[in-house]
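Beneath this line is the structure, given in structure tokens, with notes to follow.
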Amino acid sequence: TRTAGGLETRMRVQAAHSGAGVDVAFRWTATDRGLLLATEVVPFGDWDCTWPRVGVRIDLPGALAEHPVAWHGTGPGESYADSRTAARVGRFASSVDGLAVAYARPQETGHRPGLRALVVGDGSGTPLTVTTVPDAAGHRPGFQLSRWTPQQMTDVGHPHELPASDGLHLFLDDAQHGLGSRACGPDVLPRHALWPSLRTWEVLLG
Numbered sequence: 001t002r003t004a005g006g007l008e009t010r011m012r013v014q015a016a017h018s019g020a021g022v023d024v025a026f027r028w029t030a031t032d033r034g035l036l037l038a039t040e041v042v043p044f045g046d047w048d049c050t051w052p053r054v055g056v057r058i059d060l061p062g063a064l065a066e067h068p069v070a071w072h073g074t075g076p077g078e079s080y081a082d083s084r085t086a087a088r089v090g091r092f093a094s095s096v097d098g099l100a101v102a103y104a105r106p107q108e109t110g111h112r113p114g115l116r117a118l119v120v121g122d123g124s125g126t127p128l129t130v131t132t133v134p135d136a137a138g139h140r141p142g143f144q145l146s147r148w149t150p151q152q153m154t155d156v157g158h159p160h161e162l163p164a165s166d167g168l169h170l171f172l173d174d175a176q177h178g179l180g181s182r183a184c185g186p187d188v189l190p191r192h193a194l195w196p197s198l199r200t201w202e203v204l205l206g
């Protein structure tokens with residue numbers, strides 16, 4: 001839908017035979033600094049479980065994966081709501097593959113919360129830039145880059161079984177559920193659990 005300042009897209013996401021879901025609104029606005037994307041997620045129905053994450057995925061050309069990534073935010077390694085003691089805010093650079101942790105079984109990895117600014121394809125001539133907009137409490141989304149989708153990684157048991165990749169996937173997550181330690185200890189502590197709630201965040205794309 002066209003608006004006074006740009007475009008707005010609305011969708012409803014809901015599992016089959018479920019009364020719970022989310023209404024999502026994407027609002028795109030052209031500015032002097034780039035394209036502003038404002039996202040709103042509103043849950044409905046009776047949710048009795050936590051969310052693993054809430055955010056957006058942007059699919060990019062695979063050629064960008066051959067160039068460095070530079071960012072201002074938390075680093076240098078991955079961190080999560082309940083696993084971020086070693087993270088600090090600074091300016092960092094890495095290859096796309098260097099952002100991930102080589103776990104024995106393919107899985108999502110490499111999330112870095114508190115993003116300020118990101119350059120994907122640094123030096124490529126056509127990079128993608130992302131600048132986050134803090135909310136009233138100063139919270140900013142995080143990012144993750146991967147050559148594979150979560151579905152592709154879930155379908156295999158070993159790294160060599162991953163399919164050939166010709167794309168790059170950028171995840172901009174407003175929040176993620178904590179990791180916990182169920183393999184050898186307690187589940188996620190309540191303060192790090194991501195329960196369904198209204199979520200809004202903004203990023204500037206250039």
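Take 1 as the starting number for the sequence shown in full-length UniProt numbering and just add one per residue.
We treat Cβ as the ideally placed atom computed from N, Cα and C, and that holds for glycine.
Threshold first: 3 residues or longer. Then list the beta strand (DSSP E) segments lying entirely within the region 80 to 161, N to C. DSSP runs (the beta strand (DSSP E)) wholly in the region 80 to 161: 88 to 94, 117 to 120, 128 to 133, 142 to 146.
Expected contact under 8 angstroms - CB spacing of glutamate 8 and arginine 33 to nearest Å: With a contact defined as Cβ atoms closer than 8 angstroms, glutamate 8 and arginine 33 miss out at about 20 angstroms.
Do you know how far the Cα of valine 22 is from the Cα of arginine 12? Looking at the backbone, the Cα of arginine 12 and that of valine 22 are separated by about 6 angstroms.
Hey, would you say tryptophan 148 sits closer than 8 angstroms to leucine 170, going by beta carbons? No, the Cβ-Cβ distance between tryptophan 148 and leucine 170 is not below 8 angstroms.
Rounded C-beta distance between proline 141 and tryptophan 71? I'm assuming under 8 angstroms. The beta carbons of proline 141 and tryptophan 71 sit about 12 angstroms from each other, so the pair does not count as a contact at 8 angstroms.
Whole-angstrom C-beta distance between valine 69 and leucine 37, which should lie under 8 angstroms: Wrong, their Cβ atoms sit about 20 angstroms apart, outside the cutoff.
From residue 208 to threonine 74, what does the alpha carbon distance come to, in whole angstroms? The question about residue 208 has no answer, for the chain in this structure spans 1 to 206.
Use the C-beta contact count for glutamate 108: other C-beta atoms within 10 angstroms, 16 or more gives buried, fewer gives exposed. Under this definition glutamate 108 is a buried residue.
Where the beta strand (DSSP E) containing threonine 9 begins and where it ends: Looking at the DSSP string, the run of the beta strand (DSSP E) that includes threonine 9 is 6 to 14.
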